[in-house]
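Student: Taken in order, the sequence shown gives residues 2 to 306; the numbers are from my numbering.
One structure, pasted below without further comment.
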Amino acid sequence: MNLPIDPSENHTTPQELIQTLPSKAARRRVLQAADISIDVDDRSFADTLDELSQIELRRAASQLRFAGDRTVYYYQVDGLRQVSPDGATGQIGDVGSQGAYGPEVQTAIRDHDRIYIVCNVPDTGSQTQLTISKENRPTTVATFKPRTQLLAVRASDDSTADATLQAVLSYLGLDDATRISFLDTGFRGRFEDACVDGYSTLRLRNTNPRDTSREIEVRSKDPEAGNIADVRTDAIVEDLLQRGDTELNAATGLVTVSTDVRSMEHGEPLHPRVTIGFPDGWVAFEQFVPEQILIEFDNLVRDSL
Numbered sequence: 002m003n004l005p006i007d008p009s010e011n012h013t014t015p016q017e018l019i020q021t022l023p024s025k026a027a028r029r030r031v032l033q034a035a036d037i038s039i040d041v042d043d044r045s046f047a048d049t050l051d052e053l054s055q056i057e058l059r060r061a062a063s064q065l066r067f068a069g070d071r072t073v074y075y076y077q078v079d080g081l082r083q084v085s086p087d088g089a090t091g092q093i094g095d096v097g098s099q100g101a102y103g104p105e106v107q108t109a110i111r112d113h114d115r116i117y118i119v120c121n122v123p124d125t126g127s128q129t130q131l132t133i134s135k136e137n138r139p140t141t142v143a144t145f146k147p148r149t150q151l152l153a154v155r156a157s158d159d160s161t162a163d164a165t166l167q168a169v170l171s172y173l174g175l176d177d178a179t180r181i182s183f184l185d186t187g188f189r190g191r192f193e194d195a196c197v198d199g200y201s202t203l204r205l206r207n208t209n210p211r212d213t214s215r216e217i218e219v220r221s222k223d224p225e226a227g228n229i230a231d232v233r234t235d236a237i238v239e240d241l242l243q244r245g246d247t248e249l250n251a252a253t254g255l256v257t258v259s260t261d262v263r264s265m266e267h268g269e270p271l272h273p274r275v276t277i278g279f280p281d282g283w284v285a286f287e288q289f290v291p292e293q294i295l296i297e298f299d300n301l302v303r304d305s306l
């Protein structure tokens with residue numbers, strides 16, 4: 002089963018959702034975030050799931066049903082602060098839809114003190130064909146905390162994220178939004194101070210049009226190490242970052258996100274590995290993470306604005 006799911010079209014049980022997660026590590030993270038103590042390595046794991054209460058199962062399902070797309074695109078939306086929770090969730094069925102011609106809002110719900118707007122979007126972001134199969138309209142999710150202006154769109158690629166944004170703006174009756182740049186004045190410093198442990202890989206864009214090189218990539222000696230060696234501390238990298246003819250394009254590293262999710266290896270709080278697209282305002286998680294981590298990361302981005 003592909004995540005995220007459209008709850009208006011899907012009637013899979015919480016047990017089935019948990020069982021279809023991509024790995025035991027993903028199951029463990031979801032259950033930790035839901036405050037459920039079950040040994041995922043136990044041979045009777047499936048039977049133990051069936052013994053959970055409906056409240057526990059719903060809590061677990063809420064940690065995974067919208068957490069499928071690992072890339073999050075961030076937008077500042079004019080007027081989003083004025084959208085009330087009731088206003089955001091009470092319009093389904095009352096608004097027009099682009100239907101087969103483009104992205105379509107399927108439902109909007111409130112959970113975790115946030116609003117989740119679930120959309121179906123053609124693979125290309127927009128579509129002019131008269132007939133489009135359901136398989137070619139993947140589910141995307143846009144989410145925000147009421148009374149704030151940050152919209153986080155979980156989508157597979159740039160064009161799909163932008164199409165989701167347009168569907169959400171139309172649904173909420175809003176007009177304007179801008180993609181956040183992690184390179185904006187002050188933002189990158191506040192964000193990195195708040196959560197970045199270090200970068201194992203940096204990609205810098207050469208902005209000098211007269212040069213023949215286009216991109217510079219820096220890698221640590223052990224980029225997959227659990228305790229990351231931050232390449233930013235090398236003198237040559239510091240020089241590259243401070244040059245006037247280079248721009249930070251992307252970086253991969255570990256981040257600190259304060260949640261109940263623990264590392265399987267060390268029992269310490271999980272430090273997710275992410276790749277950040279600085280000028281284009283996106284963050285890709287390199288492993289499946291539950292809703293709790295996605296929410297806390299969104300909060301870190303919003304607090305850094």
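Glycine included, C-beta positions come from ideal geometry on N, C-alpha and C.
Run through DSSP, which three-state label would Thr-179 get?
Tutor: Taking the first residue of the sequence shown as position 1, residue 179 is located at position 178. Under the three-state reduction of DSSP, Thr-179 is assigned to strand.
Student: Count the other C-beta atoms from every protein chain shown that fall within 10 angstroms of the C-beta of Leu-131, then say buried if there are 16 or more, exposed otherwise.
Tutor: Here residue 131 refers to the residue found at position 130 of the sequence shown. Confidence in Leu-131 is poor, its pLDDT being 44 and thus under 50, which makes the residue's placement unreliable; the coordinate value appears in the next sentence. Result: exposed.
Student: Return the CA-CA distance between Ile-6 and Asn-250, expressed in angstroms with no decimal places.
Tutor: Here residue 6 corresponds to residue number 5 of the sequence shown, with the count starting at 1. Here residue 250 corresponds to residue number 249 of the sequence shown, with the count starting at 1. So the alpha carbons of these two residues sit roughly 31 Å apart.
Student: Pick out whichever of Leu-301, Gln-293 and Pro-280 has its Cα sitting closest to the Cα of Ala-34.
Tutor: If you number the sequence shown from 1, residue 34 lands on position 33. It is Gln-293.
Student: For the alpha helix (DSSP H) that Thr-90 lies in, which residues bound it at each end?
Tutor: The residue labelled residue 90 in the question sits at position 89 within the sequence shown. It spans 86-90 - the alpha helix (DSSP H) in which Thr-90 sits, taken as one unbroken run.
Student: Does the contact criterion of 3 or more C-beta pairs under 8 Å hold for the segment 249-268 versus the segment 277-284?
Tutor: At 8 Å Cβ cutoff, the stretches touch.
Student: In whole angstroms, give me the CA-to-CA distance for Ile-116 and Asn-11.
Tutor: Here residue 116 refers to the residue found at position 115 when the sequence shown is read from its first residue. Here residue 11 refers to the residue found at position 10 when the sequence shown is read from its first residue. C-alpha separation (whole angstroms): 19 Å.
Student: Please work out which residues of its chain come closer than 7 Å, Cβ to Cβ, to Thr-208, disregarding the five sequence neighbours upstream and downstream, and give them in chain order.
Tutor: Working through the sequence shown from its first residue, we reach residue 208 at position 207. Same-chain partners within the cutoff: Asp-246, Thr-247 and Glu-248.
Student: Identify which residue in Leu-301, Arg-44, Arg-60 and Ala-168 has its Cα closest to the Cα of Val-197.
Tutor: Looking up residue 197 in the sequence shown gives position 196. Of the residues Leu-301, Arg-44, Arg-60 and Ala-168, the one whose Cα lies closest to the Cα of Val-197 is Leu-301.
Student: Could you give the uninterrupted runs of the beta strand (DSSP E) lying entirely in the segment 200-270, keeping only those of 3 residues or more?
Tutor: 216-220 and 247-256
Student: Leaving out five residues on either side along the sequence, give the residues of the same chain with a beta carbon under 6 Å from the beta carbon of Arg-189.
Tutor: On the sequence shown, residue 189 is found 188 positions in, with the first residue counted as 1. Answer for Arg-189: Phe-183, listed in chain order.
Student: Alpha carbon to alpha carbon, how far is Val-232 from Asp-223? Give it in angstroms, no decimals.
Tutor: The count along the sequence shown starts at 1 and reaches residue 223 at position 222. The count along the sequence shown starts at 1 and reaches residue 232 at position 231. In a straight line, the C-alpha of Asp-223 is about 10 Å away from that of Val-232.
Student: Between the Cα of Phe-192 and those of Asp-304, Pro-270 and Ser-38, spot the shortest distance and give me the residue it belongs to.
Tutor: Translated into the one-based positions of the sequence shown, residue 192 becomes position 191. When only C-alpha atoms are compared, the closest one is Asp-304.
Student: Would you list the one or two residues that DSSP bridges to Arg-72?
Tutor: Within the sequence shown, the letter at position 71 stands for residue 72. The sequence shown places Thr at residue 72, rather than the Arg named in the question. BP columns for Thr-72 point to Ala-285.
Student: With a threshold of 8 Å on Cβ separation, who are the neighbours of Ser-24 within its own chain once the five nearest residues in sequence on each side are excluded?
Tutor: Taking the sequence shown and counting its residues from 1, one reaches residue 24 at position 23. Around Ser-24: Phe-289.
Student: Looking only at its own chain, which residues have a Cβ that is under 6 Å from the Cβ of Thr-144, when we skip the five neighbours before and after it?
Tutor: Taking the sequence shown and counting its residues from 1, the one referred to as residue 144 is at position 143. If we look at Thr-144 and ignore the five residues flanking it on each side, its Cβ neighbours are Arg-115, Tyr-117 and Ala-153.
Student: Taking the alpha-carbon of Pro-147 as reference, which of Pro-139, Leu-173, Gln-167 and Leu-22 has the nearest alpha-carbon?
Tutor: Position 146 of the sequence shown holds residue 147. Residue Leu-173 is the option with its Cα nearest to Pro-147.
Student: Expressed to the nearest angstrom, what Euclidean distance is found between the alpha-carbon atoms of Ser-98 and Val-78?
Tutor: What you label residue 98 is simply residue 97 of the sequence shown in a count that begins at 1. What you label residue 78 is simply residue 77 of the sequence shown in a count that begins at 1. Any reading at Ser-98 must be qualified, since the residue scores a pLDDT of 49, below 50, and its modelled position is unreliable; no value is offered.
Student: Under the rule that 16 or more other beta-carbon atoms within 10 Å means buried, what is Asn-121, buried or exposed?
Tutor: Residue numbering aside, residue 121 sits at position 120 when the sequence shown is read from its first letter. So Asn-121 ends up on the buried side.
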